[in-house]
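Our numbering puts the first residue of the sequence shown at 63, with every later residue one more than the last.
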Amino acid sequence: MGKSGLRRATNPKETAMPRLTFALCLALLLPLPALAGEHAHAEAADQHAHEAAAPARDAAAPATRWQPDAPLSRGMQRVRAATAALEHGEHGHLDAVQVQGIAAELRAAVDEMFANCRLDPEPDAALHPLLARVLSASRALAGGEFDQAALDELRAVLARYPELFEDVAWSVSQID
Numbered sequence: 063m064g065k066s067g068l069r070r071a072t073n074p075k076e077t078a079m080p081r082l083t084f085a086l087c088l089a090l091l092l093p094l095p096a097l098a099g100e101h102a103h104a105e106a107a108d109q110h111a112h113e114a115a116a117p118a119r120d121a122a123a124p125a126t127r128w129q130p131d132a133p134l135s136r137g138m139q140r141v142r143a144a145t146a147a148l149e150h151g152e153h154g155h156l157d158a159v160q161v162q163g164i165a166a167e168l169r170a171a172v173d174e175m176f177a178n179c180r181l182d183p184e185p186d187a188a189l190h191p192l193l194a195r196v197l198s199a200s201r202a203l204a205g206g207e208f209d210q211a212a213l214d215e216l217r218a219v220l221a222r223y224p225e226l227f228e229d230v231a232w233s234v235s236q237i238d
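Laid out in C-alpha cells, this is it:
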C-alpha cells in the first residue's frame, strides 16, 4: 500500500477493468458534441412550443413579402396537407390513430423547418409565431381526439403565411 492507503495494481487483470471502463466512458462521451447540436434544435423547438402556450403575436405584414427558402416552402406545404386531412375530422371521419398521425406530421414538418430553414433574421422572427401555433395545434391533437380549435388555429396560420411570404409554390398548389 502507498501513502494514500490505496494499493497499487500490479496484476494485469486488475488494470484491465479501469482501462475498459475508461474506453467505455470515452466511447459514450465522443458523440456528445454532435448530440449537443441536435439538442440545440430540440431546445429551439421546445422554446417555440413554450411560446405557443401563450398567445402568439404575429408580426406586422411586411411592405414587400419575403421569399421563403425551399425547406420553408416544403414544410408549409406539409402543414397545409396535414390541415386538409384534419378537416375530415369536422365530419367525424377520423379515428384516433389518424388524428395522432396528423399531429405527428405537423410536428415533423415544423421540426424539419427548424432544422433546415435559413432565413434572414426579420422573416425568421415573423415565422416563429406561426410555427409555434402549429406546434400548439399538434400538441392538442396528439391524444388522438379531433380538436376544432386546433383546426381553426391551423387555418389561421395557413391564411397568415401568404401574407408574410411570397411563395410561388403556395399559390400554384392552392386549391380553392
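Virtual Cβ for every residue (Gly too), placed ideally from N, Cα, C.
Reference residue i; option with closest CA among the options
{"i": "GLY154", "options": "GLN210, ALA204 and ASP186", "result": "GLN210"}
{"i": "ALA147", "options": "ALA231, ALA194 and LEU203", "result": "LEU203"}
{"i": "PRO130", "options": "ALA123, PRO124 and CYS179", "result": "CYS179"}
{"i": "ALA231", "options": "LEU168, VAL219 and PRO133", "result": "PRO133"}
{"i": "GLU152", "options": "ALA212, ARG140, VAL141 and LEU193", "result": "ALA212"}
{"i": "GLY163", "options": "SER233, GLU207 and ALA188", "result": "GLU207"}
{"i": "HIS150", "options": "ALA188, VAL141 and VAL161", "result": "VAL161"}
Beta bridge counterpart(s) of residue i as assigned by DSSP
{"i": "TRP128", "result": "PHE227"}
Proximal residues to residue i (C-beta, below 7 Å), its chain only, five neighbours per side dropped
{"i": "ARG127", "result": "LEU226, PHE227 and GLU228"}
{"i": "ALA123", "result": "GLU225 and LEU226"}
{"i": "ARG217", "result": "THR145"}
{"i": "MET175", "result": "PRO133, LEU134, GLY137 and LEU193"}
{"i": "ARG140", "result": "GLU167 and ALA171"}
{"i": "LEU156", "result": "HIS150 and PHE208"}
{"i": "ALA165", "result": "SER200, LEU203 and ALA204"}
Residue environment, residue i, which counts as buried when at least 16 other CB atoms sit within 10 Å
{"i": "SER135", "result": "buried"}
{"i": "VAL159", "result": "exposed"}
{"i": "ALA125", "result": "exposed"}
{"i": "GLY205", "result": "exposed"}
DSSP three-state assignment for residue i, whether helix, strand or coil
{"i": "GLY151", "result": "helix"}
{"i": "LEU193", "result": "helix"}
{"i": "GLY206", "result": "coil"}
{"i": "ASP173", "result": "helix"}
{"i": "LEU156", "result": "coil"}
{"i": "LEU181", "result": "coil"}
{"i": "ALA199", "result": "helix"}
{"i": "ALA221", "result": "helix"}
{"i": "ALA211", "result": "helix"}
{"i": "ALA122", "result": "coil"}
Residues near residue i in its chain [Cβ-Cβ closer than 6 Å; skip 5 each side]
{"i": "GLU215", "result": "ARG195 and ALA199"}
{"i": "MET138", "result": "TYR223"}
{"i": "LEU168", "result": "ALA144, VAL196 and SER200"}
{"i": "GLU184", "result": "none"}
{"i": "ARG142", "result": "LEU220"}
Own chain, CB closer than 8 Å to residue i, minus 5 neighbours either side, in chain order
{"i": "SER233", "result": "PRO224"}
{"i": "LEU181", "result": "TRP128, PRO130, ASP131, LEU134 and LEU189"}
Heavy atom of the ligand NAD within 7 Å of residue i beta-carbon
{"i": "PRO191", "result": "The model depicted lacks the ligand NAD and carries no ligand whatsoever."}
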